[in-house]
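Notes follow once the structure below has been shown.
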Amino acid sequence: MTATSFSSASASSAKSTRIADAFARRAEKGTPALVPYITTGDPSPESTVPVMHALVEAGADIIELGVPFSDPMADGPVIQRASERAVARKVGLRKVLDLVREFRQTDTQTPVVLMGYANPIERMGQEAFVRQAVDAGVDGVLVVDYPPEESVEFGALLDQHGLAPIFLLAPTSTEARIKSVGEVARGYVYYVSLKGVTGAGNLDTTEVARRLDDIRQHISLPVGVGFGIRDAASAQAVGSTADAVVIGTRLIQEIETAVKDAPEADWPALASRAAGAWLRTIRHALDALPPRSAPNETRKSA
């Protein structure tokens, strides 16, 4: 890949600070950040932007938007269903970017991170994707099947244009993998708390805390923890040690339940109301944790 100079690159520099600013605001309050995940276009494309605004009103610091994909190998059945519903409604990467652009018309502060797989990006072309993501108002990109050692150029391209390359770490990640992620990641690092797919198994918060200590030996970025967080208690347990709590599966289940058997015209209102109400319980639980001390406050985004 050759480096390019996009006309919008200078404009992206302001966007690149949104993730850092979000973590800095949480550090000032001494509480962990809250990062909800939703699948774009689920339950309908018309629901996505209202749900995003509801999540922000409920206390979301960063929004992860899933890019629908026909083979979401890292996702469990709940997010797979969400992706299938969105794909059936023809929601692809271009539509995702259109919806981010619509969200930015009224929210210029909340960071938006796209989470998905390599295929849609490569079909669009990496450089074209980066250009359009910058123009839409995206802040970071997490590509599940782009390991750090195979995405140096793509990560550099994102970084060059103000988008944070975000990477996953897992319970099986070696010290060498942690170091390699630390060399290329920006914004924050996403630690997958469980072996398996999203929504699987039960959390071992003692093990999560131990692994966070290992990660912080090599990475100074904030560390968000996701997979397996389903309620206020598990969010508090993880939030007591993580810099951010990432929640997806349970949130999508709340939306599924809210719109079940309802007329489609009502879905945006029902989905946003349910998502906001549930996420607010998680925000309250995190805010009830003892304030963080100085060491966590020093972990700022690059």
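Going by the numbering used here, the letters in the sequence shown line up with residues 1 to 302, in that order.
Idealized CB from N, CA, C, for every residue including glycine.
Since this is a predicted model, take the numbers as computed values, not measurements.
query                                                                                                                            : result
Bridge-paired residues (DSSP) for Ile38                                                                                          : Leu65
Range of the contiguous beta strand (DSSP E) that encloses Leu140                                                                : Sequence check: residue 140 is Gly here, not Leu. Gly140 -> beta strand (DSSP E) spans Gly140 to Val143.
Identity of the residues DSSP links to Pro165 by a beta bridge                                                                   : Val141
Closest by C-alpha distance to Pro45, when choosing among Ala233, Arg94 and Arg177                                               : Arg94
Cβ-based neighbour list, Ser13, same chain, cut-off 7 Å, excluding 5 preceding and 5 following                                   : In this predicted model, Ser13 has a pLDDT of only 44, less than 50, meaning its place in the structure is not dependable; the value taken from the coordinates is given anyway. Result list for Ser13: Gly162, in chain order.
Rounded distance between the beta-carbons of Gly276 and Ile79, thought under 8 Å                                                 : About 20 Å separates the two Cβ atoms, so there is no contact after all.
Segment contact flag, the region 52 to 65 with the region 81 to 94, C-beta cutoff 8 Å, min 3 pairs                               : no
Buried or exposed (CB count within 10 angstroms, at least 16 for buried), Thr48                                                  : buried
Contact belief for Val223 with Ala242 at Cβ below 8 Å, rounded distance in angstroms                                             : 6 Å
Selection from Val245, Lys179 and Arg250 that minimises the alpha carbon distance to Gln217                                      : Lys179
Presumed contact (8 Å Cβ cut-off) between Gln126 and Phe167, rounded CB distance                                                 : Actually they do not touch by this definition, with Cβ atoms about 16 Å apart.
Contacts around Thr40, its chain only, beta-carbon distance under 8 Å, and the 5 residues preceding and following it disregarded : Thr48, Leu65, Gly66, Val67, Pro68, Ala86, Val91, Lys95, Val96 and Leu99
Three-state secondary structure (DSSP) of Ala244                                                                                 : strand
8 Å contact criterion, which Pro32 and Val245 should meet: CB distance rounded                                                   : 6 Å
Helix, strand or coil at Ala133 according to DSSP, with G and I counted as helix                                                 : helix
Where Met124 sits in the DSSP three-state scheme                                                                                 : helix
Per DSSP, the bridge partner or partners of Tyr191                                                                               : Leu169 and Val225
Extent of the continuous alpha helix (DSSP H) to which Val91 belongs                                                             : Where Val91 is concerned, there is no enclosing alpha helix (DSSP H), given that its DSSP letter is neither H nor E.
Local Cβ density within 10 Å of Ser272, reported as buried at 16 or more and exposed below that                                  : buried
Pick from Gly182, Ala27, Ile19 and Glu57 that is closest to Ala274, judged by C-alpha positions                                  : Glu57
When Trp278, Ala288, Trp267 and Ala285 are compared against Pro43, the one with the closest alpha-carbon                         : Trp267
Helix, strand or coil at Leu97 according to DSSP, with G and I counted as helix                                                  : helix
Residues that DSSP places opposite Ala33 in a beta bridge                                                                        : Ala244
Range covered by the beta strand (DSSP E) that runs through Met73                                                                : It is not in any beta strand (DSSP E) - Met73 carries neither H nor E in the DSSP assignment.
Length of the line joining the Cα atoms of Leu34 and Ala128                                                                      : 30 Å
Identity of the residues DSSP links to Met52 by a beta bridge                                                                    : DSSP, once it has assigned bridges, lists no residue as partnering Met52.
Bounding residues of the beta strand (DSSP E) (the contiguous stretch that carries Gly116)                                       : Val112 to Gly116
Separation of Arg104 from Asp261, as counted between CA atoms                                                                    : 31 Å
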